[in-house]
Amino acid sequence: MKKSSIARVLVILLFAALLAVPWMVRHFSAPAKTASGPDAHAALARYGFSLKEVSHASGIDFVHQAPTLDPKLDGIMPEVASMGASVSIVDYNRDGWPDIYVTNSAIGSKNHLYRNNHDGTFTDVAEQMGIADVNRPGTGVSMGAVWGDYDNDGYEDLFLIKWGKPELFHNDHGKHFTRVTDQAGFPPWINANTAVWFDYDHDGKLDLFVGGYYPEDVDLWHLRDTRMMPNSFEYANNGGRKYLFHNLGNGHFEEVSAKAGISSRRWALACAAADLSGTGYPDLFVANDYGVSELFINDHGHFHEAGKEAGVGFAPKSGMNVSFGDIFDQGKLSIYVSNISEEDVLIQGNNLWVPEAGPALKYVNMARDLGVELGGWSFGAQFGDFNNDGNLDLYLANGYISLDRHRSYWYDFSKVAGGNSSIIGDAANWPAFNGRSLSGYQQKRLWLNDGDGKFVDVAQAVGATDTYDGRAVALADLWNTGALDIIVANQRGPLLIYKNTVAPGNEWIEFSLEGTRSNRSAIGAQITLYWDGKEQLQQVSGGNGFASQNDRRVHFGLGKNPKIEKAVIHWPSGIVQTLDNLTPDRLYTVKEP
Amino acid sequence: MSQPTAQQSPTQRGAEDKTPLKTGLSVPNFINPFLPPIFITLILLVGNLSFGILESYSKTLLAIATAIGMEMALGRIFLRKWPHPASSYITGISVGILLRSPAFWPYALCSALSITSKYALRFRGRHIWNPSNFGICTMLILASQAVAGLSIQWGNNLASLLVIWVLGSVIVWRAKRFHVTFTYVVCFIALSFLRAHITGDPWQSEISPITGPMYQLFIFFMITDPKTTVRSRLGRCLVAVAIAVLEFFFRLDSSIYAPLYALFWVGPAALLIQMMIDSRRARASLAPAASGAETVQI
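Chain order of the listed sequences is X and P.
According to the working numbering, the first sequence holds residues 1 to 593 in order.
According to the working numbering, the second sequence holds residues 594 to 891 in order.
And the structure:
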């Protein structure tokens with residue numbers, strides 16, 4: 001055979017081999033996923049836990065109602081009214097049992113506060129407590145809620161995030177809530193989807209960050225015109241402004257964002273605060289829709305945006321979640337930001353920002369390496385040790401708009417999303433939905449951390465089988481059993497409570513903190529637990545994930561027969577407290593010394 | 594399928610294409626072989642520094658390195674010389690711009706497929722697919738779980754749009770390919786209104802794609818690729834019309850990457866038709882002589 005013929009055959013073989021690579025990649029490196037359906041006994045045996053959806057059995061039959069906005073938006077109403085389902089955990093009456101607050105988003109609809117009855121059931125007490133009827137005409141509707149004891153009286157107060165008038169309710173010793181918005185001095189209207197309580201200046205009083213989504217001069221029920229959409233799918237800078245409300249201590253708040261160095265018109269969807277830079281002051285991470293994430297480093301009460309330098313603010317995506325987790329048990333927080341992934345259309349991939357070693361604050365995205373990159377149209381996510389094996393797992397809610405299963409809006413979405421700002425920015429230019437779905441009916445993800453650098457999706461096997469349009473996820477040990485339960489708020493769908501049963505053997509420990517010099521909620525306090533040669537860092541949160549807040553109590557899984565060395569608490573005040581002689585399977589209540 | 598040759602006959606390459614670049618996203622070369630790579634690199638750098646258009650520099654560099662490496666290796670084997678790197682550089686950079694994936698391997702694979710297609714898929718000594726169009730379409734079809742095409746980038750604002758349109762127009766004008774771009778754009782706009790009429794969607798939504806970066810690259814640097822377009826001016830216009838018409842139907846079928854797929858089918862078909870016509874003409878021009886010889890014999 002001539003040399004040229006041999007070469008020709010070789011190049012054809014090479015070409016065929018290259019064509020086969022995508023199939024091989026799909027076949028051999030598919031995300032680790034369990035194939036089996038839910039079987040509680042099998043899940044307990046294999047994964048060490050199982051979930052059972054018990055909302056109805058617990059007396060909760062809440063179904064979220066989406067907002068109906070200005071009729072000018074009718075054609076794309078499913079898209080513009082696609083948020084508002086939220087859930088936050090609070091022990092509002094200090095009885096030692098977590099309660100649940102959920103928001104509703106139709107004008108005239110009621111929010112619900114489900115009081116924990118200690119017997120596996122809940123009772124809605126929002127009406128009698130005065131925090132149900134908060135979606136009245138002319139005031140906008142609820143998008144989320146975060147709880148924090150802003151006046152340090154020992155009871156968690158409620159900040160209501162709205163597309164509309166933001167509201168602050170004072171908790172009157174667990175007996176009732178009093179609306180104190182006007183006294184607080186908040187602006188008349190913010191179209192926000194995210195807020196977080198944190199003490200940014202360490203004065204012992206909780207401050208509040210609120211991230212605007214739509215511009216604050218837009219009344220979504222009475223539009224001047226339809227030019228209220230983002231001016232870019234990836235570089236939008238015409239969103240709502242950001243607010244930093246400094247707590248003055250007398251029920252008044254002063255808006256200090258410009259003074260403190262926070263200025264942005266990106267479309268914020270999620271935020272969370274933690275001391276990431278090691279200064280002792282809480283930094284602020286904001287996940288933005290239609291753009292890059294922002295990391296505001298807190299330099300003793302003054303912020304500067306360092307997203308690009310830190311590596312998290314380079315590639316624009318559709319950020320919808322911020323949650324922190326020490327996934328490698330190394331005493332360092334990684335950050336999970338959810339985005340959009342739709343096969344054949346848009347593969348943004350979720351980000352798992354893992355801190356790099358070294359003095360500079362730098363992150364590297366390890367979502368692909370660890371197997372938590374692709375989660376559909378992802379929304380809220382939370383880290384928690386669901387099987388108490390000592391490794392933080394990850395639950396992800398997803399699914400955007402589930403309408404007609406067989407007709408998709410993706411083509412029309414991509415048609416407009418890639419266009420010029422004058423086209424994308426005007427809702428009138430968007431084709432009508434006409435009942436089509438957009439990344440709907442998606443399976444949730446529950447990634448189990450194997451402790452060896454891989455996450456395996458076990459959602460279907462352990463019982464997280466719903467396909468609602470998931471938005472907010474909150475974690476709490478609802479029944480004080482030492483197991484983290486999962487509470488999911490779904491857009492236009494039911495509130496789900498996945499009760500967690502953990503197989504015997506793995507142990508746990510929980511901490512309930514109360515500040516004295518620090519804010520009384522202890523928000524921002526970081527606990528590092530040392531056991532069996534591991535260390536795991538967790539913190540008390542004033543709001544995280546997407547439109548959610550976990551229980552303030554901190555839960556650690558310990559694995560089998562753990563030997564706990566100590567727990568070290570870094571209080572926001574700067575006090576460092578070490579706890580020795582800790583015993584597993586207990587809840588410790590700790591007061592700041 | 595035949596072996597690539599270093600020199601091609603006038604019937605194999607357009608008479609107007611003096612120094613065509615064998616690329617996918619190709620800038621016709623009219624002054625200097627380094628100018629197109631420099632121009633497209635500038636677009637990339639300005640876009641990335643202004644808007645961060647790339648997933649990362651490293652992925653684009655991987656695409657470029659793979660393309661150049663493959664071209665060098667295959668060129669050495671088949672052409673027995675080191676090919677000029679400008680062509681493969683542009684193929685690599687086009688992959689880096691047009692492909693979107695959070696993973697690294699699709700960039701390397703797409704570049705490798707693009708370059709290899711030039712050597713493996715040949716007809717009468719000529720590669721008939723626009724390399725990066727072939728590579729990207731193949732990836733979109735075979736690796737849809739891992740990649741997407743460029744549909745949203747570059748700030749979506751008027752300034753960047755005007756810069757690209759003006760510079761692109763100047764380049765294709767100087768390269769005598771403006772008629773291709775113009776014909777396609779006119780057809781696209783006309784068919785957009787027809788689609789809007791048929792679907793009932795706002796006409797702005799039908800026009801919208803052509804204001805995006807994928808189309809800017811497509812109309813200036815892909816459908817004008819001299820290596821994979823037909824020779825005559827009228828023929829090129831007809832090909833542009835055919836691409837727009839096939840895209841029209843793909844769009845009615847809600848195909849997101851309609852223009853890329855339309856070029857994928859129309860481009861090779863047009864070249865094959867031209868080759869067929871050329872072949873007939875060649876036979877026809879030889880026929881009288883043969884006939885005359887036969888007459889002499891008789």
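Every residue gets a Cβ at the ideal spot worked out from N, C-alpha and C, and that includes glycine.
For the segment 802-816 of chain P, residues whose beta-carbon sits nearer than 7 Å to a beta-carbon of chain X comprise 802, 804, 805, 807. When secondary structure is reduced to three states using DSSP, residue 650 of chain P falls in the helix class.
Taken through DSSP and simplified to helix, strand or coil, residue 578 of chain X comes out as strand. Here residue 87 of chain X is actually not in contact with residue 587 of chain X; their C-beta atoms are around 22 Å apart, not less than 8 Å.
Interface residue (Cβ-Cβ distance to chain X less than 9 Å): residue 684 of chain P is not classified as such. For residue 355 of chain X, the uninterrupted beta strand (DSSP E) segment begins and ends at 351-355.
Rounded to the nearest angstrom, the gap between the Cα atoms of residue 295 of chain X and residue 333 of chain X is 14 Å. Chain P has no Cβ within less than 9 Å of the Cβ of residue 433 of chain X. Taking 8 Å as the cut-off between beta carbons, the residues of the segment 398-411 of chain X near chain P are 408, 410, 411, in sequence order. Beyond the five residues adjoining it in sequence on each side, residue 310 of chain X comes within less than 7 Å, by CB distance, of 295, 361, 362, 363 in the same chain, given in chain order. Counting only the Cα atoms, residue 324 of chain X lies some 17 Å from residue 357 of chain X. DSSP places residue 410 of chain X inside the alpha helix (DSSP H), whose first and last residues are 410-417. The residue from P:667, P:627, P:690 with its alpha-carbon nearest to that of residue 639 of chain P is P:690. Using a 10 angstroms sphere on the CB of residue 128 of chain X, the tally of other CB atoms stays under 16, which defines it as exposed. When CB distances to chain X are screened at a threshold of 8 Å, the residues of the segment 667-682 of chain P falling below it are 667, 670, 671, in chain order. Between the C-alpha atoms of residue 416 of chain X and residue 630 of chain P there is a straight-line separation of about 30 Å. Around the Cβ of residue 74 of chain X, a 10 Å sphere holds fewer than 16 other Cβ atoms; the residue is exposed.
Among the residues of the segment 416-430 of chain X, those with a Cβ less than 7 Å away from any Cβ of chain P are 416, 417, 418, 419, 420, 421, 423, 424, 428, 429, 430, in the order of the chain. For residue 702 of chain P, the chain X residues whose C-beta falls within less than 8 Å of its own C-beta are 18, 21, 22, listed in chain order. Here residue 539 of chain X is bridged, per DSSP, to X:526.
Look at residue 181 of chain X here: in three-state DSSP terms it is helix. If only uninterrupted alpha helix (DSSP H) runs of at least 4 residues are considered, those enclosed by the segment 423-465 of chain X are 459-462. If you draw a straight line from the Cα of residue 765 of chain P to the Cα of residue 635 of chain P, it is about 17 Å long. In this structure, the straight-line span from the alpha carbon of residue 378 of chain X to that of residue 865 of chain P is close to 46 Å. For residue 299 of chain X, the enclosing beta strand (DSSP E) covers residues 294-299.
Here the alpha carbons of residue 22 of chain X and residue 418 of chain X stand approximately 27 Å from one another. In chain order, 829, 832, 863, 864, 867 place their CB closer than 7 Å to the CB of residue 823 of chain P, counting only its own chain and leaving out the 5 sequence neighbours on each side. Contact between the segment 789-800 of chain P and the segment 692-712 of chain P is absent: fewer than three C-beta pairs spanning the two stretches fall below 8 Å. Under DSSP, residue 135 of chain X shares a beta bridge with no residue. Ranked by Cα distance from residue 657 of chain P, the first of P:737, P:633, P:872 is P:633. Annotation for residue 85 of chain X: no beta strand (DSSP E) segment contains it, and DSSP assigns it neither H nor E.
Below the 8 Å Cβ cutoff, chain P contributes no neighbours of residue 437 of chain X, its closest Cβ being approximately 13 Å away. Counting only runs of 3 or more residues that sit fully inside the segment 464-536 of chain X, the beta strand (DSSP E) segments are 469-476, 485-491, 496-502, 506-514, 526-531, in chain order. Only those residues of the segment 366-378 of chain X whose C-beta falls short of 7 Å from the nearest C-beta of chain P are listed: 368, 373. Residue ranges of uninterrupted beta strand (DSSP E) with 3 or more members, entirely inside the segment 312-336 of chain X and ordered along the chain, are 323-325. When Cβ-Cβ separations below 9 Å define contact, residue 695 of chain P makes contact with chain X.
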